[in-house]
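Below is one structure, written out as structure tokens, with a few remarks after it.
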Amino acid sequence: MALADPARRELKAVRWGLLAAALVASPVVAGVVYSAAAATGLAGFGPHGFSTDRLTRVLGEPAVWESLVWTIRTASLATLLASALAVLVAMTFRRSGRVDKLARTLAVLPLPVPHLVAATTAVLLLAQSGLLSRLGFAAGWLAGPADMPPLVYDRAGLGMVLTLAWKELPFLALVATTLLATRGAALEETARGLGAGPWDTFRLVTWPFLWRGLLPPVVAVLAFAAGSYEAAAMLAPSDPLALPLLTLERYTDPDLARRGDAFVLVLVGLMLTGAAVGLHEWVRYRTTELRG
Amino acid sequence: MTAAALLIEGLSAPFGSAPGLEDLSFEVRSGERFVLVGASGAGKTTLLRAIAGLAPGTARRMEVAGHDVAPLPPERRDVVYLQQTPLLFPHLTVGGNVGFPLRVRKVARAEAAERVQQALSAVHLESFADRMPRTLSGGQRHRVALARAIVARPAVLLLDEPFASLDPSLRQEVREAVIAIQREYGPALVLVTHDLDEAGLLGDQVGVLLGRRLAQVDRPAQLFGKPASLEVARFLGIPNEVPGRVAEPGCFQSALGALRVSRTIPAGPAIALFRPEAVRITERGSMSAAVVELRHRVHQTTAIVDVGGTRLEVALGGTRPPAVRSLVQLTIDPDQIMTFPPP
Amino acid sequence: MSGVLSAGRIAGLLGLGLSALLPMVLLAIWSVGDRWFYPALWPSRLTAESWRTLLSGEGRLWAAGATSMLLAAGTGAIACIVALPVGRALARLDGWRGHLGAAMTFLPVAAPPVALATGLQFSFLSLGLGGRPIGVLLAHAVPAVAYVSLYFTGVFTGFDTRVEEEARSLGASAGQTFRFITLPLLRRPLAEGFALGFLISWAQMPLTLLIGGGAVRTLPIEVFAFVEAGQDRIAATGALVLLVPALVALAAARLAARGTEVAAL
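Residue numbers (this note's numbering), protein chains in the order written: chain P, 111 to 402; chain A, 3 to 345; chain Y, 160 to 424.
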């Protein structure tokens, strides 16, 4: 078997590579195509025949927008919290001693904990009759379960924010500590060697380096959090409904005609995911050069 | 400017958790270049980092421009350490990089801009201020790192093998830049290199780091001409080494016979060392030798000869090289023979 | 934050320790607590009943656990087999094409499971896969293959193909090269890839719910049902059973991967 010349091999490699990627992405693409068809009446439930009525109707519903805004806001808060903590952990424990290694291991330990387990623990802990409330009662701060501010099923979504942040922290901490351990340390030393004090070093050198490296994972984690079903199902309120829950609600609506609405939401969800993934890769593309 | 810019006395620095450098002492004046040589792993980088405050080290005295810096963190020592592979801040422009030391010293914007331009001029990169580091070549990065290192005019500049990863032409470029910037405003320069020729070219003083101590600190001419010990002489690569004994002052007995030597150590067992230049092929000499091999180098050809079992390397100067296997007569200059006690 | 044991660092260490270990401890207590009502801080009775039922092979948790185990193992295997060539092909892409490929591969991982399942439901139903374990397996495979592909892309990016070229120039055929040179080098990445695929299926809930239609009962689904029903003790038992293999699988894979430059996640 003669080896084709390098240019042709290169072309073959590119074709196979993109083909492989397309294969892996095909279920999502199929989902988008079908949802678009179902949302515009070309397939699925409800009246047949192409029409954008359903699209405009659903996208015009205030409940849908409330859901979307609430979902993104909750995911963003959780991600912000987790990112700040991750940077704090990475900076506080960036040396190579035993204490630092222990701290970093502990920070990353919850990484494989399933979302469901995290949400279950959160419910048991944060519900109005949960452990936290009982501790408050025992300490004399609360007179009864009703006194406990609702952290689950609440409009503010505090319980959900905390749980999502808890789940995101190990991953972001891992990325942050890896960044610091590789180039971060060298950059820091260079800055110190040039006369910068600890605060200036962080402000002018370490932080610019860190946030650029963290941006892609943060975008990814944000997308995950927004799409999370388990956390929403167990911790989120029923008004406004988180987007995954709203989608499911419409999809299982006994009124078959309304089921088609779900596909509009699915489309929205998949489009947003596509945008997030695109942004994620684009940022990675731009910052790889900077990280050298 | 005769005050010592850098004064080190009794410095010890560990290699990780193992014992490292012991009891090093030397002094460098402003405007002077101190070149540190030694085998790989000898601890040259550790020494520089200890002076910079980036690695642990203790000393009886460690002073920069008269101030005790031992208890001070790196940024307050008035010392700048430049790593072997220059690390430019990737998110800042060249101008931003070079201006960094001024920014952290809170120098006013206008003055800082001017000094950045001065520093860039010194390394011939005046128009590069707005470029990003990733668009620069290796040599350019080196020069930017140099400019950045001197812009704050530290009293002491520590350069760790600054020319090692450069090709010869680039090496010359950066070397000239280093000399130029030092002439600008005269910091004390401590330079690490493993290239002995470079040490001779650049150094006002050369320090040899061997066996975790400074085996010798001297002007290049003194060091190359009069190595202080056998180890240093071996480190310098002096090829002709003959064991024997000093029978009486001025006479060295060995397999080569009795050699006249101008300066000897006291009577007893000894090792004689001399350069190829110390041995010449003459019409009539004190010993006969058979030519075994000719060695052709860029600037010099030497002959390996056999004197009754002992191999010597002989410089040929400008004369026509003798044929291999021919017999020649040798004369060894008594002034150039060094004797040392055996190890 | 100067000294090794400054107040801030100690507080941070305690906080991290608490955050990492408290959930497990709490779940453990909940799993053996009987009649633990508000406002008691400790169960009034401890009972090992949930555990006994589980370990004796009875009850919903056991059945669901077995289902989950099979599905996860299957997903891990499929993911490895498919992701290996995919990852290798992707690793050959440079520059913007590489990023495009990575973005496409990332889509099934980032897509909200509800949206993904809803979009796929129709094709699964029409293929007769709805409500059946095989359907759920394939559904799990979608994000698993994608995630493990990304992982293998990383593996092959750092892979020096010159060892294979060396083998070929020494006379080995493509098949021999793969068997004697490539595969042994990939042992650890394969173990870790399997663990990743396993974990994605093991912890998966919405895909199972939608594609399985409630007929395929995996461990997460049962735990969820028990929580909704207020059966805290059984739910906590199930959650622990969910948790422990996840930790073990990943710890084992990372231990196996130690010494190689590739670290997952």
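A virtual CB, placed ideally from N, CA and C, is assigned to each residue, including glycine.
Please list the segments of the beta strand (DSSP E) lying wholly inside the stretch 261-314 of chain A, counting only runs of 3 or more residues, in order along the chain.
-> 270-276, 281-284, 289-298, 303-309
Please confirm if A:TYR187 has its CB atom under 7 Å from at least one CB of chain P.
-> no
Three-way DSSP call (helix, strand, coil) for P:TYR361 in this model = helix
Would you kindly check if the distance between the Cβ of A:VAL219 and the Cβ of A:GLY209 is under 7 Å?
-> It is a contact, given that the beta carbons lie within the stated cut-off.
Taking 7 Å as the CB-CB cut-off, is A:LEU89 touching chain P?
-> yes
Check A:SER27 in the structure and name its three-state DSSP category.
-> Looking at A:SER27 - three-state DSSP - the assignment turns out to be strand.
Using the C-alpha atoms, what's the distance from Y:PHE315 back to Y:ALA350?
-> 15 Å
Which residue's Cα is closest to the Cα of Y:ILE359: Y:ALA179, Y:ALA238, Y:THR206?
-> Y:ALA238
Cα-Cα separation between P:LEU191 and P:VAL197, rounded to whole angstroms | Near 10 Å, if we compare the C-alpha coordinates of P:VAL197 and P:LEU191.
Proximity winner among A:GLY22, A:ALA57, A:VAL66, A:ALA20, relative to A:GLU420 (alpha-carbon distances) | Since the first residue shown for chain A is 3 and the last is 345, residue 420 of chain A is missing from the structure and cannot be characterised.
Can you list, in chain order, the residues of its chain whose CB lies under 7 Å from that of A:ILE306, leaving out five sequence neighbours each side?
-> VAL294, GLU295, ARG297, ARG313, GLU315
Near-chain A residues of the stretch 308-341 of chain P (beta-carbon distance less than 9 Å), N- to C-terminal order | PRO308, ASP310, THR311, LEU314, VAL315, PRO318, PHE319, ARG322
7 Å Cβ cutoff, P:ALA296 in contact with chain A | yes
Residue closest to P:LEU358, alpha-carbon to alpha-carbon, out of Y:ARG219, Y:ALA276, Y:VAL407, Y:ALA242 | The option with the nearest alpha carbon to P:LEU358 is Y:ALA276.
Measuring CB to CB, does Y:GLY356 end up less than 7 Å from P:ALA131?
-> no
Count the other CB atoms, across all protein chains shown, that sit within 10 Å of the CB of A:GLN142; report buried if there are 16 or more and exposed otherwise.
-> Flag for A:GLN142 reads buried.
Can a CB atom of chain Y be found closer than 7 Å to the CB of P:ALA130?
-> yes
Among P:PRO280, P:LEU279, P:PHE281, P:VAL315, the one whose alpha carbon lies nearest that of P:ALA295 = P:VAL315
Inter-residue Cα distance where the pair is A:ARG262 and A:PRO268 = 14 Å
Assumed close pair P:ALA200, P:ALA147 - CB separation to whole angstroms, cut-off 8 Å = For a cut-off of 8 Å, the C-beta gap from P:ALA200 to P:ALA147 is around 46 Å, too long to register as a contact.
Any C-beta of chain P under 7 Å from that of Y:VAL163 = Any Cβ of chain P closer than 7 Å to the Cβ of Y:VAL163 would place that residue at the interface, and such an atom is present.
Segment limits, alpha helix (DSSP H) that includes A:VAL100 = 96-106
Determine the DSSP secondary structure at A:HIS126, reduced to helix, strand or coil.
-> coil
Would P:ARG302 count as contacting chain A if we go by Cβ distances under 7 Å?
-> Yes, contact with chain A.
Measure the CB-CB distance between P:VAL106 and Y:ALA274 and report whether it falls below 7 Å.
-> Shown here, chain P extends from 111 to 402; a query on residue 106 of chain P therefore has no answer.
Nearest-angstrom Cα distance between P:LEU389 and P:ALA275?
-> 21 Å
Measure from the alpha carbon of P:ALA372 to the alpha carbon of each residue in P:LEU169, P:ARG118, P:ALA140, P:SER136, then state which is nearest.
-> P:LEU169
What does A:ALA6 pair with, by DSSP beta-bridge criteria?
-> A:ARG31
Inter-residue spacing [alpha-carbon to alpha-carbon] between Y:ALA223 and Y:PHE353 | The straight-line gap from Cα to Cα measures roughly 21 Å.
Cβ-Cβ separation, P:VAL393 to P:VAL331 (assumed contact under 8 Å), whole Å | Their Cβ separation, rounded to whole angstroms, is 13 Å, which puts P:VAL331 and P:VAL393 out of contact at 8 Å.
Y:LEU345: contacting residues in chain P (beta-carbon distance under 8 Å) | Per Cβ cutoff of 8 Å: no residues; Y:LEU345 is ~17 Å from chain P at best.
Where in the stretch 352-397 of chain P do unbroken runs of the alpha helix (DSSP H), each at least 4 residues long, occur, reported from the N-terminal end onward?
-> Runs found: 353-361.
Taking the alpha-carbon positions, what's the A:LEU172 to A:ARG62 distance?
-> 39 Å
Using a Cβ cut-off of 7 Å (strictly closer), state whether P:TRP180 contacts chain Y.
-> no
Give a yes or no on whether 7 Å exceeds the smallest Cβ distance from P:ALA306 to chain A.
-> It does: the Cβ of P:ALA306 has a partner Cβ on chain A nearer than 7 Å.
Three-way DSSP call (helix, strand, coil) for A:GLN255 in this model | strand
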